[in-house]
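In what follows, a structure is listed as structure tokens, so that the remarks can point back to it.
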Amino acid sequence: GTITMMETARILKKIYPNPKRTIIIGLWGSEEQGLNGSRAFVEDRPEVVKGLQALFNQDNGTGRVVQISGQGFLHAYDYLGRWLQAVPEDIRGHIETTYPGSPGRGGSDYASFVAMGVPAFSLSSLSWSYSDYTWHTNLDTYDKIVFDDVRNNAILTAILTYMACEDLEKTSREKATLPTNQKTGIKQEWPIPRSPDRAGGQDKN
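Residue numbers (the numbering used here): 1107 to 1311.
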């Protein structure tokens, strides 16, 4: 994910030096301890959260992006679907989209922004044995990188960022009505913002 975002920044600096919107690349700390870095950011930078057009998060391995959810934003297709049309077919064709989808509640830092009502999208990738072999181990090393897939993801992220910057319309933050949980019969609710543990302790929830 870090390499993807660094390469995205290199591409955009070269071909899009004067973006219409500010572009921020965030590498959050203390994610595994309860999304503490991103929760601190959204709590401390309300002006950024208020003005954010979109956030793209890539955090689950070296594989190519194959899934994007609308994260429960009712009109996500209207803008995200349009932005994806600018992506070459050999990249876009591998991506399954779900609209409006359901809001992410954890797992990675985009969830901190979703809880604030910000259009934040997880660029979910093929795991390439990430979850059952290299995840959180000393086996997660440079030689596991699939560079063709990282190249794919950097191009995707650069185009989505460019399209989000150039879009004359502000993205809608209207939330979809969430369904009732079939097992419990309880209506699902949108996740609520949570303050970070600034001492860096283990997440208790």
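C-beta atoms are modelled at their ideal positions from N, C-alpha and C, and glycine is treated no differently.
Let's see if you can read the secondary structure: which residues bound the beta strand (DSSP E) around Thr1203? Residue numbering aside, residue 1203 sits at position 97 when the sequence shown is read from its first letter. First-last of the beta strand (DSSP E) with Thr1203: Glu1202 to Thr1204.
Environment of Leu1274 [buried if 16+ CB atoms lie within 10 Å]: Position 168 of the sequence shown, counting from 1, holds the residue named residue 1274. Leu1274 is exposed by the Cβ-count criterion.
Could you give the DSSP three-state label for Ser1331: helix, strand or coil? Missing from the structure shown is residue 1331; the chain here goes from 1107 to 1311 and no further.
The stretch 1158–1165 contacting the stretch 1225–1232, beta-carbon criterion three pairs below 8 angstroms: yes
In this structure, does DSSP put Ala1192 in helix, strand or coil? On the sequence shown, position 86 is the one that residue 1192 refers to. Looking at Ala1192 - three-state DSSP - the assignment turns out to be coil, as it is neither helix nor strand.
Buried or exposed: Tyr1216, going by 16 or more other Cβ atoms within 10 Å of its Cβ? Taking the sequence shown and counting its residues from 1, one reaches residue 1216 at position 110. Its Cβ being crowded by 16 or more others within 10 Å, Tyr1216 is buried.
First and last residue of the alpha helix (DSSP H) that includes Asn1142? Position 36 of the sequence shown holds residue 1142. Asn1142 -> alpha helix (DSSP H) spans Asn1142 to Asp1150.
If we count the other Cβ atoms within 10 Å of its Cβ and call it buried at 16 or more, is Pro1206 buried or exposed? Taking the sequence shown and counting its residues from 1, the one referred to as residue 1206 is at position 100. With 16 or more other Cβ atoms within 10 Å, it is buried.
Assign Met1112 to one of two classes, buried (16 or more other C-beta atoms within 10 Å of its C-beta) or exposed (fewer than that). If you number the sequence shown from 1, residue 1112 lands on position 6. Under this definition Met1112 is an exposed residue.
Suppose contacts are defined by Cβ-Cβ distances below 8 angstroms. Is Val1172 in contact with Leu1266 by that definition? On the sequence shown, residue 1172 is found 66 positions in, with the first residue counted as 1. On the sequence shown, residue 1266 is found 160 positions in, with the first residue counted as 1. Taking 8 angstroms as the Cβ cut-off, Val1172 and Leu1266 do not qualify as a contacting pair.
Counted within 10 angstroms of its Cβ, other Cβ atoms place Phe1253 as buried (16 or more) or exposed: Working through the sequence shown from its first residue, we reach residue 1253 at position 147. The residue in question, Phe1253, is exposed, as its Cβ has fewer than 16 Cβ neighbours within 10 Å.
Near Thr1240, what residues of its chain come up, given a Cβ to Cβ distance below 7 angstroms and the 5 sequence neighbours on each side ignored? In the sequence shown, residue 1240 corresponds to position 134, counting from 1. So the qualifying residues of the chain are Asp1246 and Lys1250.
Which stretch, first to last residue, makes up the alpha helix (DSSP H) that contains Ala1264? The residue you call residue 1264 lines up with position 158 of the sequence shown. Note, Ala1264: alpha helix (DSSP H), Phe1253 to Glu1272.
Using only the alpha-carbon positions, how far apart do Asp1255 and Thr1263 sit? Taking the first residue of the sequence shown as position 1, residue 1255 is located at position 149. Taking the first residue of the sequence shown as position 1, residue 1263 is located at position 157. Using only the alpha carbons, I get a separation of about 12 angstroms.
Separation of Asp1196 from Ile1154, as counted between CA atoms: Looking up residue 1154 in the sequence shown gives position 48. Looking up residue 1196 in the sequence shown gives position 90. First, the amino acid is wrong: residue 1154 is Val here, not Ile. The alpha-carbon atoms of Val1154 and Asp1196 are separated by roughly 34 angstroms.
To which residues of the same chain is Leu1158 closer than 6 angstroms at the C-beta, ignoring the five residues directly before and after it? Translated into positions along the sequence shown, residue 1158 becomes position 52. Result list for Leu1158: Val1224, in chain order.
What separation, rounded to the nearest whole angstrom, lies between the Cα atoms of Glu1202 and Ile1174? One-based indexing of the sequence shown puts residue 1202 at position 96. One-based indexing of the sequence shown puts residue 1174 at position 68. Cα to Cα, Glu1202 sits roughly 6 angstroms from Ile1174.
Does the stretch 1277–1294 come close enough to the stretch 1127–1147 that 3 or more CB-CB pairs lie under 8 angstroms? no
What does DSSP give as the partner residues of Phe1162 in its beta bridges? If you number the sequence shown from 1, residue 1162 lands on position 56. DSSP, once it has assigned bridges, lists Phe1227 as partnering Phe1162.
Flag this pair as yes or no: are the beta carbons of Pro1297 and Pro1209 separated by less than 8 angstroms? Walking along the sequence shown from the start, residue 1297 turns up at place 191. Walking along the sequence shown from the start, residue 1209 turns up at place 103. Contact flag set, yes.
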